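Residue numbers (this note's numbering): 1 to 68.
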């Protein structure tokens, strides 16, 4: 079973790819009450990306209802 998803919404692909992926991730969240975290930092900005990823994973591993 899937317990949560971290969606990486930035990178080297065209922006519309990330926008479409975000809609899919948010739809999964809304449909199945799936915890979803969106990380918007570009991986090239490693310090910001790492901080956002760590926070996202921490929130997913913390018990409680998903945030909307």
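Backbone N, C-alpha and C define an ideal beta-carbon position, used for all residues, glycine too. Model, not experiment: these values are computed from the prediction.
8 Å contact criterion, which residue i and residue j should meet: CB distance rounded
| i | j | result |
| --- | --- | --- |
| residue 5 | residue 57 | Rounded, the Cβ-Cβ distance is 11 Å, inconsistent with contact. |
| residue 42 | residue 11 | 7 Å |
C-beta atoms of residue i and residue j nearer than 8 Å
| i | j | result |
| --- | --- | --- |
| residue 78 | residue 13 | An answer regarding residue 78 cannot be provided, because it is not within the stretch 1 to 68 covered by the chain. |
| residue 80 | residue 40 | Since the displayed the chain opens at 1 and closes at 68, residue 80 lies outside it and no answer follows. |
Cβ-based burial, residue i [other Cβ within 10 Å; buried from 16]
| i | result |
| --- | --- |
| residue 1 | exposed |
| residue 25 | buried |
| residue 29 | buried |
Cα-Cα separation, residue i to residue j
| i | j | result |
| --- | --- | --- |
| residue 92 | residue 63 | Residue 92 cannot be examined here, being either before or after the span of the chain that is shown, 1 to 68. |
| residue 15 | residue 46 | 19 Å |
| residue 49 | residue 3 | 22 Å |
| residue 51 | residue 35 | 19 Å |
| residue 53 | residue 31 | 24 Å |
Q.
Report the start-end ranges of each beta strand (DSSP E) in the segment 7-64 that is 3 residues or longer and not cut off at the edges.
A. Contiguous beta strand (DSSP E) elements confined to the segment 7-64 occur at 36-39, taking only those with 3 or more residues.
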